[in-house]
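In this note's numbering, the protein residues as written are 1071 to 1362. Positions of the beta carbon are idealized from the N, C-alpha and C atoms, including for glycine. Everything below concerns the one structure shown next.
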Amino acid sequence: MAGASLVAIDKNETLKNMFLGISDYVDVVLACRVSPKQKADIVNWIRQRFPKKVTMAIGDGANDVNMILQAHVGVGILGKEGQQAARTADYAIGQFKFLKPLMFIHGREAYRRNSMMVKYSFFKSVMYMLPQFYFGFYSGFSGLVFYEPWIYQMYNIFMTGLPIMYYCLFDFEYAKEEFLKYPNYYRIGMKNACFSYKIFVQWLGYALVVGFAVFDICFKETVGFNQMSENGQKIELWASGNLTYGGSIFVANLVLLYKFNNIDGWNVLFIFSGFAAFFIASALENDSPKIF
1071 MAGASLVAID KNETLKNMFL GISDYVDVVL ACRVSPKQKA DIVNWIRQRF PKKVTMAIGD
1131 GANDVNMILQ AHVGVGILGK EGQQAARTAD YAIGQFKFLK PLMFIHGREA YRRNSMMVKY
1191 SFFKSVMYML PQFYFGFYSG FSGLVFYEPW IYQMYNIFMT GLPIMYYCLF DFEYAKEEFL
1251 KYPNYYRIGM KNACFSYKIF VQWLGYALVV GFAVFDICFK ETVGFNQMSE NGQKIELWAS
1311 GNLTYGGSIF VANLVLLYKF NNIDGWNVLF IFSGFAAFFI ASALENDSPK IF
């Protein structure tokens, strides 16, 4: 398809629909001697025809900048024609042959890991907050605080933050060579297999059930069954809240540990560092009269 032909097609809506309809039955459409604007127009045509599809534009020169900007994902190649395309693009590669690993390894795994990060972040936060809501039925919704305020702030930073960061950076479902050997692994993104409204609601439901289980076990075991301390006094509210808080950390980290595809020692270390942070914070809090 020459640039002059694209000018005629752009002016006639019927020809444009015929062109796009024919392009559905071919694997590749070659366009020669087209302007930067025409490159961008072709991308916009495809986006309008398939609004639910994700488009990608690849270029190596300044004349590809408009096309890269119009696509959902832009890839720039650092070549002899300058760095304008690479600076404009979402991703920059040194050679065209690096496109396959970018898509089938890093792109595929980035989609899977980012999906897990979103689901898990909502899960652990909702699961952690629900015991306070369930506690309202026992306190008459009086506004009584269930968790101790000092360690309450550390949950997402020190107790459960490092493991999910490590997961998103270093977890691989398969060996890198296997991704290139079996391209069908790439289909998880095309089928929304890792993230959708249904999957997100399932994780929220999972958080409701797990949050209730943590509260029921930890709270009733310390208060509901009239447990006594070593001095014969009944265990107070802060102790039950702290136990529920620790149970939330324990469950959240174990759920993520189960989701890891490869155990290399570092992920186990970060998981147990969350447990250690909880015990250290509790000990410091217990020994400080100004806080506790």
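Given this structure, state the Cα-to-Cα distance separating residue i from residue j, to the nearest angstrom.
i	j	result
Glu1243	Ile1333	11 Å
Val1113	Arg1119	10 Å
Gln1272	Phe1228	26 Å
Phe1216	Ala1351	17 Å
Ile1163	Val1145	7 Å
Ala1347	Asn1356	14 Å
Gly1131	Ser1318	52 Å
Gly1035	Leu1172	The question about residue 1035 has no answer here: the residues shown for the chain are numbered 1071 through 1362.
Ser1343	Phe1089	59 Å
Leu1214	Tyr1222	14 Å
Ser1105	Gly1073	7 Å
Gly1316	Arg1257	39 Å
Met1126	Lys1107	16 Å
Phe1340	Leu1327	10 Å
Ile1287	Tyr1225	20 Å
Cys1102	Arg1182	37 Å
Ser1075	Asn1082	11 Å
Ala1159	Val1279	43 Å
Ser1212	Tyr1204	12 Å
Asp1080	Met1071	13 Å
Asp1097	Lys1123	16 Å
Phe1349	Lys1170	46 Å
Leu1148	Gly1129	9 Å
Leu1324	Ile1116	44 Å
Per the DSSP calculation, residue i is bridged to which residue(s)?
i	result
Thr1145	Checking the sequence, you will find Val at residue 1145 rather than Thr. DSSP, once it has assigned bridges, lists Ile1128 and Tyr1161 as partnering Val1145.
Ala1072	Cys1102
Gly1152	Gly1149
Give every residue of the same chain whose Cβ lies closer than 6 Å to the Cβ of residue i, excluding the five residues on either side of it in the sequence, and list them in chain order.
i	result
Phe1362	For Phe1362, the pLDDT reaches just 45, beneath the cut-off of 50, and the residue's location in the model is therefore unreliable, although a value from the coordinates is still provided. Counting only Cβ-Cβ distances below 6 Å, and skipping sequence neighbours, we find Glu1355 and Asn1356.
Phe1193	Trp1273 and Ala1277
Within its chain, find whatever has a CB closer than 8 Å to the CB of residue i; leave out the 5 residues flanking it on each side and keep chain order.
i	result
Ala1078	Leu1085
Phe1174	Phe1249, Leu1250, Pro1253, Tyr1255 and Tyr1256
What distance in whole Å lies between the Cβ atoms of residue j and residue i, which are believed to be in contact at a cut-off of 8 Å?
i	j	result
Met1235	Val1321	Wrong, their Cβ atoms sit about 19 Å apart, outside the cutoff.
Spatial neighbours of residue i within its chain, please: C-beta separation below 7 Å, excluding the five flanking residues on both sides.
i	result
Lys1109	Asp1134, Asn1136 and Met1137
Between the stretch 1151–1159 and the stretch 1123–1141, are three or more C-beta pairs nearer than 8 Å?
yes
Three Cβ pairs or more, each shorter than 8 Å: is that satisfied between the stretch 1264–1283 and the stretch 1181–1198?
yes
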